[in-house]
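Asks:
10 protein chains.
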Amino acid sequence: MAQPQLLECFANPQPDRAYQIEHVAEEFTSLCPKTGHPDFGTIVLRYAPAGLCVELKSLKLYYQSYRNDGIFYEAVTNRIADDLAAAMKPRWMVVETQWKGRGGIYSVIRVEVGDVPHGPVGHVA
Amino acid sequence: MAQPQLLECFANPQPDRAYQIEHVAEEFTSLCPKTGHPDFGTIVLRYAPAGLCVELKSLKLYYQSYRNDGIFYEAVTNRIADDLAAAMKPRWMVVETQWKGRGGIYSVIRVEVGDVPHGPVGHVA
Amino acid sequence: MAQPQLLECFANPQPDRAYQIEHVAEEFTSLCPKTGHPDFGTIVLRYAPAGLCVELKSLKLYYQSYRNDGIFYEAVTNRIADDLAAAMKPRWMVVETQWKGRGGIYSVIRVEVGDVPHGPVGHVA
Amino acid sequence: MAQPQLLECFANPQPDRAYQIEHVAEEFTSLCPKTGHPDFGTIVLRYAPAGLCVELKSLKLYYQSYRNDGIFYEAVTNRIADDLAAAMKPRWMVVETQWKGRGGIYSVIRVEVGDVPHGPVGHVA
Amino acid sequence: MAQPQLLECFANPQPDRAYQIEHVAEEFTSLCPKTGHPDFGTIVLRYAPAGLCVELKSLKLYYQSYRNDGIFYEAVTNRIADDLAAAMKPRWMVVETQWKGRGGIYSVIRVEVGDVPHGPVGHVA
Amino acid sequence: MAQPQLLECFANPQPDRAYQIEHVAEEFTSLCPKTGHPDFGTIVLRYAPAGLCVELKSLKLYYQSYRNDGIFYEAVTNRIADDLAAAMKPRWMVVETQWKGRGGIYSVIRVEVGDVPHGPVGHVA
Amino acid sequence: MAQPQLLECFANPQPDRAYQIEHVAEEFTSLCPKTGHPDFGTIVLRYAPAGLCVELKSLKLYYQSYRNDGIFYEAVTNRIADDLAAAMKPRWMVVETQWKGRGGIYSVIRVEVGDVPHGPVGHVA
Amino acid sequence: MAQPQLLECFANPQPDRAYQIEHVAEEFTSLCPKTGHPDFGTIVLRYAPAGLCVELKSLKLYYQSYRNDGIFYEAVTNRIADDLAAAMKPRWMVVETQWKGRGGIYSVIRVEVGDVPHGPVGHVA
Amino acid sequence: MAQPQLLECFANPQPDRAYQIEHVAEEFTSLCPKTGHPDFGTIVLRYAPAGLCVELKSLKLYYQSYRNDGIFYEAVTNRIADDLAAAMKPRWMVVETQWKGRGGIYSVIRVEVGDVPHGPVGHVA
Amino acid sequence: MAQPQLLECFANPQPDRAYQIEHVAEEFTSLCPKTGHPDFGTIVLRYAPAGLCVELKSLKLYYQSYRNDGIFYEAVTNRIADDLAAAMKPRWMVVETQWKGRGGIYSVIRVEVGDVPHGPVGHVA
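Chains as they are written, first to last, in our numbering: chain A, 7 to 131; chain B, 7 to 131; chain C, 7 to 131; chain D, 7 to 131; chain E, 7 to 131; chain F, 7 to 131; chain G, 7 to 131; chain H, 7 to 131; chain I, 7 to 131; chain J, 7 to 131.
Below, the structure is given as structure tokens:
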């Protein structure tokens with residue numbers, strides 16, 4: 007069962023500056039709720055911190071807590087976004103999940119929270 | 007004969023949030039209506055769901071129903087966009103077909119439905 | 007001698023929709039008018055059709071008609087754009103020629119016709 | 007201990023022109039303040055000089071001065087930005103740190119100083 | 007000694023159209039004025055011609071004239087931009103120099119002349 | 007139904023020289039005999055002709071004749087090798103089939119006929 | 007608990023020919039027996055069948071049975087090789103496991119069973 | 007008409023040493039003798055000179071002399087090998103032609119003359 | 007000071023089988039003994055265990071112990087090989103160090119211990 | 007004028023072990039003796055030292071001494087091999103020069119000195 011209580015935050019060392027953080031986790035796995043077979047994906051988290059930043063090891067453990075959950079692509083992406091937004095209350099946030107192919111189809115789900123700036127601020131190249 | 011009735015939808019788990027879904031199908035094939043030879047391509051579907059999401063396996067079967075259809079690049083792209091728009095009524099949608107070379111020429115057709123946002127929202131990088 | 011009369015068009019199956027077509031031809035060759043040596047390049051054509059679409063095989067034959075023409079990069083790019091614009095009268099069009107290196111220098115020429123939209127509409131990624 | 011006094015500047019040879027400079031340093035290393043293990047990353051500095059440009063060798067020595075410092079990703083990125091902004095007083099500046107993976111997660115931190123232009127000026131492709 | 011008098015221009019065959027030309031020269035070399043060691047780089051020239059276009063072979067010879075000059079990255083980029091702007095008087099122009107690494111640091115300098123359009127016009131992809 | 011009678015051969019123009027021919031067909035499709043779903047793959051044919059060479063268009067039509075056949079990876083690879091060996095009687099031959107992933111597993115089957123030389127003769131790099 | 011009884015075999019359709027089969031599974035995961043954290047890897051199986059071939063779906067299920075096992079890299083590679091050799095009794099076999107980085111170190115383990123031929127027979131390029 | 011008399015040789019500066027030369031020409035074009043359509047390919051020449059080396063510009067002109075010839079892949083490869091062997095009488099030689107796809111099939115023809123060494127001597131990596 | 011005593015070994019779980027292990031460490035750094043500047047490289051260790059395997063975390067700590075050592079490329083490669091051979095007494099071993107460029111020159115040093123098999127056994131592809 | 011006297015050697019720290027060293031210099035330039043135009047290339051040196059190793063900075067200065075020499079590809083490759091063999095007297099040595107394209111043709115020259123081992127010893131992958 008996914009465990010948002012695993013998420014730990016630390017105080018943003020520069021709360022007055024609108025800078026940007028990206029964490030790309032390449033080793034996410036959960037289960038397909040229909041077939042029970044495992045799904046594999048990459049989770050991109052990109053955000054501008056307000057008062058809090060998510061601690062990296064706790065983020066890893068939180069992602070690992072989905073390992074034996076049966077959950078759809080759309081649901082898991084929205085849930086991760088909700089859990090992280092609740093924990094950090096960022097200025098803005100993007101969660102994008104990129105999934106290994108199933109039946110020759112590759113899927114990407116992208117959820118935005120708050121007012122994501124466009125152009126070079128909104129995307130780390 | 008292409009069969010739009012194969013498309014099945016499920017209720018969007020987050021109908022109030024304008025998030026984005028992309029499905030890339032690398033194994034599309036139809037027939038050239040002039041020569042009868044097979045065409046091969048990739049279909050990119052990118053959309054923001056309103057009340058409904060397309061179910062992934064039904065999308066695969068719908069694409070497979072073109073296997074023995076003779077249909078031009080421009081026509082198949084517009085038809086897929088029309089069928090999916092009718093089934094899902096999304097906030098906005100992009101259908102892009104990318105074709106293997108014929109006579110040394112590689113073609114891409116792109117159809118947009120509704121008001122596709124530009125910048126990071128409109129394109130999953 | 008380049009032969010625009012080789013270009014054939016067919017009626018756009020969706021004249022009311024502002025969609026986009028791209029044809030990338032990797033096998034273009036003409037001659038350098040100064041040295042007589044062959045030039046090799048790729049021609050990217052990207053356009054939004056109005057009433058007419060260019061037929062793919064006729065486009066290939068039209069490009070082949072430059073094979074023994076001596077013509078500069080800038081001139082051939084503008085000429086192809088003019089010939090295609092005259093034949094199709096598109097909503098907008100981009101012609102981009104990309105040339106193999108000469109003397110360690112690689113050249114690209116890009117001509118736009120009409121009002122090319124910026125962002126995801128103007129560029130098939 | 008990081009040593010901003012190592013930074014040396016020279017007079018911008020074109021102070022009236024708003025041009026842009028990028029230095030990508032692929033060999034940055036510091037220590038994790040929690041575990042003491044080394045971190046490895048790439049530092050991208052991009053800026054438009056006003057009256058001063060940072061001298062390249064002094065920039066290298068300044069980066070090397072972090073070699074035995076224990077400092078978090080967020081802190082080191084903000085500190086480098088502050089030190090460079092104090093030394094050069096640029097028109098605008100971006101500092102982006104890209105880190106080797108830890109526990110399967112790859113991080114990027116990006117700090118902007120001043121009014122970074124969007125589009126082709128703000129990003130050297 | 008760099009020799010701008012080597013630059014030759016020819017009349018733009020389409021002076022009424024705001025099209026775009028790019029020349030990428032991968033074989034630039036000059037000398038470091040401090041150490042005397044050779045520097046190696048790529049020069050990207052991108053411009054919209056007004057009445058004149060630069061002739062390709064003369065551009066190559068002009069670049070070669072820097073072979074034994076001691077000159078800094080920032081200075082050579084601004085000088086090339088000034089020489090080319092003086093010779094061609096383009097609608098707009100970008101000169102970007104990309105340098106092989108020195109001490110593990112890779113540098114890029116970018117100078118713009120005139121009003122460079124953003125989006126697909128300002129950048130040949 | 008696969009149709010080996012579609013294969014046409016022409017007389018090897020250099021029957022006394024042990025040279026080598028490779029044809030890579032990227033657009034192969036057949037059906038899975040268990041599920042009826044389409045399989046997609048690439049067929050590499052590499053051989054040294056004796057008296058006969060396979061004609062390229064007939065090879066394409068022969069591959070297309072598998073389009074609606076239900077046949078396993080191992081069987082189709084051996085069958086293609088047998089049909090081609092019967093038609094051409096080459097000095098030696100390799101048939102390698104490379105398949106798009108199924109359930110996250112990518113398969114390659116390789117059949118050799120005759121005495122395939124090792125080293126640079128046996129493999130076109 | 008890994009379950010070799012999940013492995014199913016079918017009769018080799020060409021038992022008299024020494025051909026070669028490769029299955030690359032990109033979605034393997036098990037647990038580190040020391041830390042309990044998940045490991046992720048790719049399993050390459052390459053073999054020449056004797057009387058039996060492993061059935062693809064059963065191979066996938068067998069690999070999935072390691073999902074909650076704590077087992078070292080060296081042990082899991084040898085165990086998979088032993089289980090597959092017992093089930094298929096191939097002419098020869100290679101099992102290679104390629105692991106995502108841990109602490110900046112990427113590992114590969116390779117076990118051979120029987121007399122693996124060198125050169126183009128032993129390696130599908 | 008292909009013109010072997012265009013080939014010029016110069017005396018090998020090190021006739022006593024069995025060293026190796028490779029020339030890769032990416033801009034070869036001839037015509038298909040059946041359809042009259044142009045073919046495009048890359049010609050790799052690799053050889054160990056005896057008394058003579060082929061002069062690079064003459065090799066380019068010789069390749070250009072095929073521009074309007076109708077000739078099959080197999081024939082042109084053997085003919086180039088014969089012409090070059092007659093002109094240079096090398097210790098050994100490889101001619102490999104790599105062709106742009108036709109009908110989704112990519113072809114490579116490889117002819118060896120003399121005793122081509124295997125391993126690192128026979129192949130420049 | 008490099009500390010070979012940090013190396014820990016565990017008993018090979020399959021001492022009777024000649025299998026192969028590779029560990030690629032991308033985050034090695036030491037100091038240049040002439041200039042004191044840091045060097046950065048990747049260390050490839052490939053070996054066939056006899057009775058002992060090196061423990062992965064101890065290998066990482068051993069590599070980290072070079073962080074403040076001044077030592078030449080050739081010396082550090084031979085020393086790592088000697089330390090690991092003394093600790094594990096493998097059937098055979100390869101240590102290869104790959105270094106970031108210095109002055110535009112990239113270096114690789116490779117030391118073999120024992121009788122390294124050639125072909126697919128000696129190299130994990 | 008090329009200056010072999012610039013080459014400095016140091017005593018091999020492991021003269022009893024047949025290990026291997028590779029230096030890849032990406033910034034070589036000389037002049038074409040026919041046209042006077044600059045040539046650009048990469049020089050790969052690979053050798054097994056006997057009593058002496060070439061010092062890296064002296065190797066760089068030696069390569070730089072060709073900057074204003076007019077010399078053919080074949081001649082410069084043989085000369086570098088002769089100079090380095092005379093200076094180091096290695097167990098064996100390979101010098102390979104890889105040149106930027108001229109007239110659409112890319113050249114590689116490879117000279118071996120002594121008995122170069124084949125397989126993994128003779129080639130650092």
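Even glycine gets a Cβ: it sits at the ideal position worked out from N, Cα and C. From a predicted model like this one, the values you see are computed outputs, not experimental measurements.
Give the DSSP-derived three-state secondary structure of V82 (chain D) in the structure shown.
Replies: By 1-based counting over the fourth sequence, the position of residue 82 (chain D) is 76. Here V82 (chain D) sits in helix by DSSP.
Asks: Hey, would you say L13 (chain B) sits closer than 9 Å to L90 (chain B), going by beta carbons?
Replies: Within the second sequence, numbered from 1, the residue matching residue 13 (chain B) stands at position 7. Within the second sequence, numbered from 1, the residue matching residue 90 (chain B) stands at position 84. Yes, these two residues count as a Cβ contact at 9 Å.
Asks: For chain A, find out if any of its Cβ atoms is closer than 9 Å to the Cβ of K106 (chain G); answer yes or no.
Replies: Against the seventh sequence, residue 106 (chain G) aligns to sequence position 100. Chain A contact via Cβ: present.
Asks: Measure the alpha-carbon distance for Y79 (chain E) versus S36 (chain I) and round it to whole angstroms.
Replies: The sequence position of residue 79 (chain E) within the fifth sequence is 73, counting from 1. The sequence position of residue 36 (chain I) within the ninth sequence is 30, counting from 1. If you take the alpha carbons of Y79 (chain E) and S36 (chain I), they lie about 30 Å apart.
Asks: Beta-carbon within less than 6 Å of C59 (chain I)'s beta-carbon, same chain only, minus the 5 sequence neighbours each way: which residues are those?
Replies: Along the ninth sequence, one-based indexing puts residue 59 (chain I) at 53. F16 and N18, listed in sequence order.
Asks: Identify the contact partners of G109 (chain I) in chain J, using a Cβ-Cβ distance below 8 Å as the criterion.
Replies: In the ninth sequence, the residue the question calls residue 109 (chain I) occupies position 103. Within 8 Å Cβ-Cβ: L62, K63 and K66.
Asks: Taking 9 Å as the threshold (C-beta atoms), are I115 (chain C) and Y25 (chain E) in contact?
Replies: Along the fifth sequence, read from residue 1 onward, the residue named residue 25 (chain E) stands at position 19. Along the third sequence, read from residue 1 onward, the residue named residue 115 (chain C) stands at position 109. Yes, the pair counts as a contact, with Cβ atoms nearer than the cut-off.
Asks: Strictly below 8 Å CB to CB, what residues from chain F border S113 (chain H)?
Replies: Working through the eighth sequence from its first residue, we reach residue 113 (chain H) at position 107. In chain order: I27, E28, H29, V30 and L62.
Asks: Does K66 (chain G) pass the burial test, meaning 16 or more other C-beta atoms within 10 Å, or should it be called exposed?
Replies: For the purposes of this step, residue 66 (chain G) is taken as the residue at position 60 of the seventh sequence. The residue in question, K66 (chain G), is buried, as its Cβ has 16 or more Cβ neighbours within 10 Å.
Asks: For V50 (chain F), which of F:R108, F:R97, F:V30 and F:R85 has the nearest alpha-carbon?
Replies: Taking the first residue of the sixth sequence as 1, we reach residue 50 (chain F) at position 44. It is F:V30 whose Cα lies nearest to the Cα of V50 (chain F).
Asks: With a threshold of 16 other CB atoms inside 10 Å of the CB of V117 (chain F), please say whether the residue is buried or exposed.
Replies: In the sixth sequence, the residue the question calls residue 117 (chain F) occupies position 111. With 16 or more Cβ atoms within 10 Å of its Cβ, V117 (chain F) is classed as buried.
Asks: Can you list the residues of chain A that R23 (chain B) reaches, using a CB-CB cut of under 8 Å?
Replies: Counting from 1 along the second sequence, the entry for residue 23 (chain B) is found at position 17. Here the neighbours are N84 and V117.
Asks: Compare the C-beta of E33 (chain J) with all C-beta atoms of chain H and state if any pair is closer than 9 Å.
Replies: Numbered from its first residue, the tenth sequence carries residue 33 (chain J) at position 27. For E33 (chain J), the answer is no, since every Cβ of chain H falls outside 9 Å of its Cβ.
Asks: Under 8 Å Cβ to Cβ from P126 (chain C), same chain only, skipping five residues before and after it: list those, please.
Replies: In the third sequence, residue 126 (chain C) corresponds to position 120, counting from 1. Because the pLDDT at P126 (chain C) is just 43, under 50, the model does not fix this residue reliably, and the value given afterwards should be weighed accordingly. Here the set comprises nothing.
Asks: Verify whether the separation of the beta carbon atoms of M7 (chain I) and S64 (chain I) is less than 9 Å.
Replies: Mapped onto the ninth sequence, residue 7 (chain I) falls at position 1. Mapped onto the ninth sequence, residue 64 (chain I) falls at position 58. Going by C-beta atoms, M7 (chain I) is not nearer than 9 Å to S64 (chain I).
Asks: Out of curiosity, what's the CA-to-CA distance linking R52 (chain B) and T48 (chain C)?
Replies: If you number the second sequence from 1, residue 52 (chain B) lands on position 46. If you number the third sequence from 1, residue 48 (chain C) lands on position 42. Between R52 (chain B) and T48 (chain C), the C-alpha separation is close to 29 Å.
Asks: Please return the same chain residues whose Cβ sits closer than 7 Å to the Cβ of N84 (chain J), not counting the five positions on each side in sequence.
Replies: Walking along the tenth sequence from the start, residue 84 (chain J) turns up at place 78. Correct list, in chain order: V117.
Asks: Is it right to say V130 (chain A) is buried, meaning 16 or more other beta carbons lie within 10 angstroms of its own, or is it exposed?
Replies: For this step, residue 130 (chain A) is matched to residue 124 along the first sequence. Residue confidence is low: V130 (chain A) scores 37 on pLDDT, short of 50, so the model does not pin down where it sits. Its coordinate-derived value is still stated next. Buried is the call here.
Asks: Do V106 (chain F) and G76 (chain A) have their C-beta atoms within less than 9 Å of each other?
Replies: On the sixth sequence, position 100 is the one that residue 106 (chain F) refers to. On the first sequence, position 70 is the one that residue 76 (chain A) refers to. The identity of residue 106 (chain F) in the sequence shown is Lys, whereas the question assumes Val. Against a cut-off of 9 Å, the Cβ pair of G76 (chain A) and K106 (chain F) comes out as no contact.
Asks: Which residues, taken in chain order from the stretch 35-56 of chain C, show a beta carbon closer than 8 Å to some beta carbon of chain H?
Replies: So the list reads T35, H43, P44 and F46, given in the order they occur along the chain.
Asks: Is it right to say G128 (chain H) is buried, meaning 16 or more other beta carbons lie within 10 angstroms of its own, or is it exposed?
Replies: Reading the eighth sequence from its first residue, position 122 is the one you call residue 128 (chain H). Annotation note: pLDDT 37 at G128 (chain H) (below 50); position unreliable, coordinate value reported separately. Under this definition G128 (chain H) is a buried residue.
Asks: Determine, using beta carbons only, whether P123 (chain D) and M94 (chain D) come nearer to each other than 9 Å.
Replies: Within the fourth sequence, numbered from 1, the residue matching residue 123 (chain D) stands at position 117. Within the fourth sequence, numbered from 1, the residue matching residue 94 (chain D) stands at position 88. No; because the gap between Cβ atoms is not below 9 Å, this pair is not in contact.
Asks: Kindly list, in the order they appear in chain A, the residues whose Cβ is closer than 7 Å to that of Q20 (chain B).
Replies: What you label residue 20 (chain B) is simply residue 14 of the second sequence in a count that begins at 1. Under the 7 Å cutoff, chain A gives N84.
Asks: Leaving out five residues before and five after Y112 (chain A) in sequence, what residues of the same chain have Cβ atoms less than 7 Å from its Cβ?
Replies: Locating residue 112 (chain A) in the first sequence gives position 106, where the first residue counts as 1. The answer, listed in chain order, is W105.
Asks: When you compare the CB of C15 (chain E) with every CB in chain C, is at least one pair closer than 9 Å?
Replies: As a working mapping, residue 15 (chain E) is identified with position 9 in the fifth sequence. No, C15 (chain E) lies away from the interface with chain C (no Cβ there is under 9 Å from its Cβ).
Asks: Go ahead and label M96 (chain A) buried or exposed: buried means 16 or more other beta carbons lie within 10 angstroms of its beta carbon, across all protein chains shown.
Replies: Here residue 96 (chain A) refers to the residue found at position 90 of the first sequence. Met is not the amino acid found at residue 96 (chain A); the sequence shown has Pro there. With 16 or more Cβ atoms within 10 Å of its Cβ, P96 (chain A) is classed as buried.
Asks: Can a CB atom of chain L be found closer than 9 Å to the CB of Q70 (chain C)?
Replies: In summary, chain L is missing from the structure at hand, where the protein chains are A, B, C, D, E, F, G, H, I and J.
Asks: When we look at the beta-carbon of D121 (chain G) and count the other beta-carbons within 10 Å, is it buried (16 or more) or exposed?
Replies: In the seventh sequence, counting from the first residue as 1, residue 121 (chain G) sits at position 115. That one is exposed.
Asks: Going by the beta-carbon positions, is the gap between Y68 (chain B) and P10 (chain B) smaller than 9 Å?
Replies: For the purposes of this step, residue 68 (chain B) is taken as the residue at position 62 of the second sequence. For the purposes of this step, residue 10 (chain B) is taken as the residue at position 4 of the second sequence. Yes; because the gap between Cβ atoms is below 9 Å, this pair is in contact.
Asks: State the DSSP-derived secondary structure class of A131 (chain J), mapped to helix, strand or coil.
Replies: What you label residue 131 (chain J) is simply residue 125 of the tenth sequence in a count that begins at 1. Residue confidence for A131 (chain J) is low, a pLDDT of 37 falling below 50, so the modelled location carries little weight; the figure read from the coordinates is stated next. The answer is coil: DSSP assigns A131 (chain J) none of H, G, I, E or B.
Asks: Which whole-angstrom value describes the C-beta separation of M99 (chain D) and V119 (chain D), a residue pair presumed to lie in contact below a C-beta threshold of 8 Å?
Replies: Residue mapping note: residue 99 (chain D) aligns to position 93 of the fourth sequence, counting from 1. Residue mapping note: residue 119 (chain D) aligns to position 113 of the fourth sequence, counting from 1. Confirmed, about 4 Å.
Asks: What residue range does the alpha helix (DSSP H) around S64 (chain D) cover?
Replies: Taking the first residue of the fourth sequence as 1, we reach residue 64 (chain D) at position 58. Per DSSP, S64 (chain D) belongs to the alpha helix (DSSP H) from L62 to Q70.
Asks: Going by DSSP in three states, A54 (chain D) sits in which element: helix, strand or coil?
Replies: Taking the first residue of the fourth sequence as 1, we reach residue 54 (chain D) at position 48. Looking at A54 (chain D) - three-state DSSP - the assignment turns out to be strand.
Asks: Assuming E33 (chain E) and F46 (chain J) are in contact, meaning their beta carbons sit under 8 Å apart, how far apart are those beta carbons, in whole angstroms?
Replies: As a position in the fifth sequence, residue 33 (chain E) is number 27, starting the count at 1. As a position in the tenth sequence, residue 46 (chain J) is number 40, starting the count at 1. Sure, about 5 Å apart at Cβ, within 8 Å.
Asks: Which residue comes first and which comes last in the beta strand (DSSP E) that contains R116 (chain G)?
Replies: The count along the seventh sequence starts at 1 and reaches residue 116 (chain G) at position 110. Unbroken beta strand (DSSP E) run through R116 (chain G): I111 to G120.
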